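In the numbering used here, the protein residues as written are -19 to 340.
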Ligand code: NAD
Ligand code: DAU
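As structure tokens, then:
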């Protein structure tokens, strides 16, 4: 059993109204009932307070509508709450959007992270009593390591080689986080995780998009021939890993998070479509017949795969869900939360999607 390294007393979560952040808050608000927890979120199209209804009235939880680029707001929050713990999720997160609007990604992911680090560093330096017990956890992505060929996995020794504006912005944020550790001694940890799926994911990402399209009997777009491979992890497993890293991880370290869930996009969609048909009691292949090959994403990374052995051997974490179990549970969740889906998908989002795909 690893040694307990950190016990949060006052926690700042950024981007907690998004997909992973909201799942993380559902876990930690009851778990850390003695800690006060503040969630700052800009509520972009990807953030929605509907995802937080279960915890919005918890006595140890508070929501602040704001932008991490707003240093004055951050300073006020740090002064008021004396945070011991920062868990940084806030970011623009969709690769396709980053190809169309890269500057928004630089603003939130790079400038936003730098603004948060600067305020966190000043607060940490001025508060000598909590210096030893402070943590800044940056929730990052495997996309910073670029694309793999058919063989091999990303490890903590993999060089940075981002290939999309999104990946470049997250790589830059990782570099700023490390620079603050080296230069000022800020106690940081970075986690780089593979593709998440599960409840409350905005339906622009492949899995919820495919579920929505199957429900509406609309084409399910797959880029190129569907041969690109992603390494899928259920979001609850990612959140468990983050809690584990926060409590037991060593400052200055990087942990790669993944659960051996590799599948090509086409195989994933076929599996998902079969599950949807089964749960909706539709004739077999009803949803599969909707799969439509469309023009590829520019610079589409071929394959991601994570070697999580540092996290499993040093900190004892491992994934609870198999991909089959996780996908089945996810289909079930979306089918029983169609009012959430409708609420987060407004007309402007539907128009955006329509303009995205060119049929092959
Ligand atoms: P998401 O897009 O669902 O949520 C992002 C949240 O951040 C939203 O609530 C949004 O309103 C908020 N936000 C964006 N810019 C902000 C700003 N300037 N100030 C305050 N809030 C802002 O993203 P997600 O999928 O939940 O990802 C969360 C984090 O995890 C991101 O940093 C992402 O890079 C990382 N990550 C995601 C995955 C994945 O598969 N989804 C995998 C690995 C790492
Ligand atoms: O690897 C971690 C990353 O995973 C996170 O850092 C990102 O925030 C997250 O968005 C995700 O990035 P991807 O680009 O891999 O996810 P997305 O769901 O957009 O696409 C998954 C795969 O499916 C990818 O190979 C592109 C493909 N795809 C995607 C969409 C939206 C399609 O074939 N059709 C689609 O319509």
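The C-beta atom is built at its ideal place from N, Cα and C for all residues, glycine as well.
Remember, predicted model here, so these are calculated numbers, not experimental data.
So the candidates are the options; which of them puts its Cα closest to the Cα of residue i?
i           : options               : result
residue 343 : 48, 22 and 11         : Since the first residue shown for the chain is -19 and the last is 340, residue 343 is missing from the structure and cannot be characterised.
residue 205 : 276, 98 and 83        : 276
residue 246 : 271, 228 and -3       : 271
residue 229 : 169, -19 and 120      : 169
residue 173 : 203, 158, 220 and 159 : 220
residue 59  : 106, 81, 75 and 182   : 106
residue 211 : 18, 148, 130 and 3    : 130
residue 111 : 76, 133, 161 and 171  : 161
residue 61  : -16, 104 and 38       : 104
residue 253 : 200, 292 and 280      : 200
residue 299 : 216, 149 and 79       : 216
residue 193 : 269, 39 and 143       : 269
residue 184 : 324, 159 and 67       : 324
residue 46  : 33, 31, 67 and 23     : 23
residue 267 : 273, 134 and 258      : 258
residue 78  : 99, 149 and 134       : 149
residue -17 : 311, 256, 13 and 231  : 231
residue -3  : 132, 44, 50 and -11   : 44
residue 85  : 113, 66 and 48        : 48
residue 96  : 71, 126 and 263       : 71
residue 42  : 290, -9, 188 and 126  : -9
residue 37  : 13, 80 and 82         : 13
residue 139 : 74, 234, 198 and 115  : 234
residue 92  : 187, 152, 181 and 251 : 152
residue 318 : 39, 182 and 133       : 182
residue 8   : 32, 28 and 26         : 32
residue 189 : 310, 261 and 124      : 310
residue 157 : 124, 127, 116 and 191 : 116
residue 127 : 63, 141 and 248       : 141
Does the ligand NAD have even one heavy atom less than 8 Å from the beta-carbon of residue i?
i           : result
residue 173 : yes
residue 30  : no
residue 87  : yes
residue 351 : Within the shown structure, residues of the chain are numbered from -19 to 340, placing residue 351 beyond reach of any answer.
residue 150 : yes
residue 49  : yes
residue 116 : no
residue 23  : yes
residue -6  : yes
residue 72  : yes
residue -3  : yes
residue 240 : no
residue 176 : yes
For residue i and residue j, which I take to be in contact (beta-carbon distance under 8 Å), what is that distance rounded to the nearest angstrom?
i           : j           : result
residue -5  : residue 69  : 4 Å
residue 214 : residue 296 : That pair is no contact at about 18 Å.
residue 176 : residue 218 : 5 Å
residue 236 : residue 288 : 6 Å
residue 20  : residue 57  : 7 Å
residue 283 : residue 208 : 7 Å
residue 222 : residue 4   : 6 Å
residue 280 : residue 164 : That belief does not hold up - the Cβ atoms of residue 280 and residue 164 are roughly 38 Å apart, past 8 Å.
residue -7  : residue 55  : About 17 Å separates the two Cβ atoms, so there is no contact after all.
residue 303 : residue 238 : Actually they are not in contact, since the Cβ atoms of residue 303 and residue 238 sit about 12 Å apart, beyond 8 Å.
residue 320 : residue 30  : 6 Å
residue 6   : residue 113 : Not really, about 25 Å apart at Cβ, beyond 8 Å.
residue 134 : residue 286 : 6 Å
residue 120 : residue 171 : 6 Å
The ligand DAU heavy atoms versus the CB of residue i: any closer than 8 Å?
i           : result
residue 170 : no
residue 274 : yes
residue 146 : yes
residue 206 : yes
residue 277 : yes
residue 250 : no
residue 191 : no
residue 99  : no
residue 154 : no
residue 122 : yes
residue 186 : yes
residue 75  : yes
residue 247 : no
residue 143 : no
Is any heavy atom in the ligand MN found nearer than 8 Å to the beta carbon of residue i?
i           : result
residue 224 : For the ligand MN, the structure offers nothing, since it holds only the ligand NAD and the ligand DAU.
Should residue i be flagged as near chain C, meaning a C-beta pair shorter than 9 Å?
i           : result
residue 219 : The structure shown contains no chain C; it holds only a single protein chain.
Margin query: Extract the residue ranges of the alpha helix (DSSP H) inside the stretch 57 to 84, only unbroken runs of 4 or more that lie entirely within it.
Written below: 75 to 80
Next item on the list: Could you tell me which uninterrupted beta strand (DSSP E) segments, each at least 3 residues in length, are contained entirely in the stretch 93 to 159, listed from first to last along the chain?
Entry: 115 to 121
Item checked: Any beta strand (DSSP E) of 3 or more consecutive residues that is wholly inside the stretch 217 to 277 -> 234 to 237, 242 to 244 and 271 to 274
Next item on the list: Would you list, in sequence order, the uninterrupted beta strand (DSSP E) runs of no fewer than 3 residues that lie entirely inside the stretch 27 to 59?
Entry: 41 to 45
Checklist line | alpha helix (DSSP H) segments (min. 4 residues) lying fully within the stretch 277 to 327 | finding: 289 to 295, 303 to 315 and 318 to 324
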